[in-house]
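All letters in the sequence shown, in the order written, are residues 93 to 209 by this note's numbering. Reading through the structure tokens given below for one structure.
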Amino acid sequence: MVASMGIVGAAAVAQGPPPAPKPETLSSRPGATGGEALYLQHCAMCHGPNGMGTGLLGRRVQPALLEERDNLPAQYVILAARQGIGNMPAIPRGEVSDADLKQIADYLAAGPHEVSQ
Numbered sequence: 093m094v095a096s097m098g099i100v101g102a103a104a105v106a107q108g109p110p111p112a113p114k115p116e117t118l119s120s121r122p123g124a125t126g127g128e129a130l131y132l133q134h135c136a137m138c139h140g141p142n143g144m145g146t147g148l149l150g151r152r153v154q155p156a157l158l159e160e161r162d163n164l165p166a167q168y169v170i171l172a173a174r175q176g177i178g179n180m181p182a183i184p185r186g187e188v189s190d191a192d193l194k195q196i197a198d199y200l201a202a203g204p205h206e207v208s209q
């Protein structure tokens, strides 16, 4: 009996915590178009699909910024992206074109956006 309890206990430990949910990306949201699709493609990997960031930033910033934000001018997004801000490096034109960045900036400025977690 003691041996069987040990096996059950070991199996429970081996399972560990449930996996974290996958972040939304362009492939997981095929209906995304325009600036939203470009945001998911170029920005969500660091900022998350809802704009609250990933990792430590995501744990410190509540609620999700894109869901609450209504004061994000497009020109600010463009400037921050091209020059970098805080820990975010500058994004070169070879990585995101001016036209694509404008679509992303317009999408973010048009918020707040309802996005799933």
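Positions of the beta carbon are idealized from the N, C-alpha and C atoms, including for glycine. Since we're looking at a predicted model, the values are computed, not measured.
Using a Cβ-Cβ cut-off of 6 Å (strictly less than) and excluding sequence neighbours within five positions of histidine 134, which residues of its own chain qualify?
Only Val188 meet the Cβ criterion.
Given this structure, state the Cα-to-Cα distance separating tyrosine 168 from glutamine 107, to the nearest angstrom.
Here the alpha carbons of glutamine 107 and tyrosine 168 stand approximately 45 Å from one another.
Can you tell me which of the three DSSP states leucine 118 falls into?
Below a pLDDT of 50, predicted positions are generally treated as unreliable, and leucine 118, at 46, falls in that range; no measurement from the model is reported.
Helix, strand or coil at isoleucine 196 according to DSSP, with G and I counted as helix:
Residue state for isoleucine 196 is assigned as helix, using DSSP reduced to three classes.
Determine the burial state of glutamine 195: buried for a count of at least 16 other Cβ atoms within 10 Å of its Cβ, exposed for fewer.
When all chains shown are included, glutamine 195 counts as buried.
Isoleucine 170 in three-state terms, based on DSSP:
Of the three classes helix, strand and coil, the one that applies to isoleucine 170 here is helix, per DSSP.
Quick check: leucine 171 and glycine 203, are their CB atoms within less than 8 Å of each other?
Taking the C-beta atoms as reference points, glycine 203 is found no nearer than 8 Å to leucine 171.
Residues in the same chain with beta-carbon distance under 6 Å from glycine 58, minus the five sequence neighbours each way, listed in chain order, please.
It is not possible to answer for residue 58, since the shown part of the chain is limited to 93 through 209.
Just to confirm my understanding: we take proline 115, look at its own chain, exclude 5 residues before and 5 after, and list those with CB closer than 8 Å. What are they?
Model confidence at proline 115 stands at a pLDDT of 49, short of 50, so the residue's coordinates are unreliable and nothing is read from them.
Between which two residues does the alpha helix (DSSP H) containing methionine 44 stretch?
Nothing can be reported for residue 44: it is not among the residues displayed for the chain, which extend from 93 to 209.
Which same chain residues, not among the five before or five after aspartate 198, have their C-beta less than 6 Å away from its C-beta?
Around aspartate 198: Gly127, Ala166.
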